[in-house]
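Numbering (the numbering used here), first residue to last: 6 to 230. Idealized CB from N, CA, C, for every residue including glycine.
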Ligand code: DC
């Protein structure tokens, strides 16, 4: 039995999960793992190699050729795909438009969950995603389920993306978020659902500092009842 602490943060797309997860990891000196970045890096590989998502054996073979690593620099999610830094490219629209379909593939999920569980076996970690509190770490000490008004989420993500891509419109971003919410919540294999013991955090009107304080208070309550 190991005594490491796992904080699981799940929720809808563009809800600020990674902002909160990074802030918690920095404050607590935990390791931050962005599980969405793993699905995005797999998607980038599949797009580059033109893998047919319906071809089970091609998917299985591709997964064997994918090596993902996080560079734990400054509590950010710098991820490498076969030793190439892909952190920026995995945030661009081609990957965002295809990632939900890739993340719905059973073989992909099994491999990612296996890798995520290995990362959290003996270390204090904060991991964010969609199925962390339900499937990856059902015994996590603290589970937070994040949500926010979809319009507010689209505006926040639009500001981030428009700085890098002036062509992008708020409508594109809103549609992408709505589409991903739909796919993430209706897929067969571990859909996005709140774990029964997860605490809901609606951050529509909360600043990042208020969210951090909320999570730290909950963790203190749990560890020192
Ligand atoms: O958190 P994100 O937007 O970077 O995640 C990208 C996609 O990956 C998202 O549409 C759903 C999927 N995902 C998942 O299915 N399970 C996770 N644990 C994390 C992400």
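Over what stretch of residues does the alpha helix (DSSP H) that includes residue 169 continue unbroken?
Segment 155-169, the alpha helix (DSSP H) holding residue 169.
Taking the alpha-carbon positions, what's the residue 161 to residue 19 distance?
Cα atoms of residue 161 and residue 19: separation of roughly 8 Å, rounded to the nearest angstrom.
Among residues of its own chain, excluding the 5 on either side of residue 111, which ones have a beta-carbon nearer than 7 Å to its beta-carbon?
Cβ within range, chain order: 194.
Does the beta carbon of residue 137 fall short of 7 Å from some heavy atom of the ligand DC?
Relative to the ligand DC, the nearest heavy atom lies less than 7 Å away from the CB of residue 137.
Per DSSP, what are the beta-bridge partners of residue 39 in this structure?
In DSSP, residue 39 forms a bridge with 133.
For residue 48, count neighbouring Cβ atoms within 10 angstroms of its own Cβ and tell me buried if that reaches 16, exposed if not.
Counting of Cβ neighbours within 10 angstroms places residue 48 among the buried residues, the total reaching 16 or more.
By the three-class DSSP mapping on this structure, what secondary structure does residue 113 have?
The three-state reading of DSSP puts residue 113 in helix, counting H, G and I together.
In this structure, how does DSSP classify residue 55 when only helix, strand and coil are distinguished?
The answer is coil: DSSP assigns residue 55 none of H, G, I, E or B.
Do you know how far the Cα of residue 198 is from the Cα of residue 183?
Pairing residue 183 with residue 198, the inter-Cα distance amounts to about 16 Å.
Flag residue 106 as yes when its Cβ comes closer than 7 Å to any non-hydrogen atom of the ligand DC, and as no otherwise.
In this structure, the ligand DC has no non-hydrogen atom nearer than 7 Å to the beta-carbon of residue 106.
Within 7 Å: the Cβ of residue 40 and any heavy atom of the ligand DC?
Because some heavy atom of the ligand DC lies under 7 Å away, the Cβ of residue 40 counts as near it: yes.
If you run the structure through DSSP and keep just helix, strand and coil, what is residue 85?
In the structure shown, residue 85 adopts extended strand secondary structure according to DSSP, grouped into three states.
Are residue 14 and residue 137 touching if we call contact CB-CB under 8 Å?
In contact: residue 14 and residue 137 (Cβ atoms closer than 8 Å).
With the cut-off set at 8 Å, would you say residue 205 and residue 152 are in Cβ contact?
It is a contact, given that the beta carbons lie within the stated cut-off.
Check whether the Cβ of residue 231 sits closer than 7 Å to any heavy atom of the ligand DC, and report yes or no.
The structure shown does not extend to residue 231, since the chain is modelled only from 6 to 230, so the question has no answer here.
Report buried or exposed for residue 187, applying the criterion of at least 16 other Cβ atoms within 10 angstroms of its Cβ.
Exposed: under 16 other Cβ atoms inside 10 Å.
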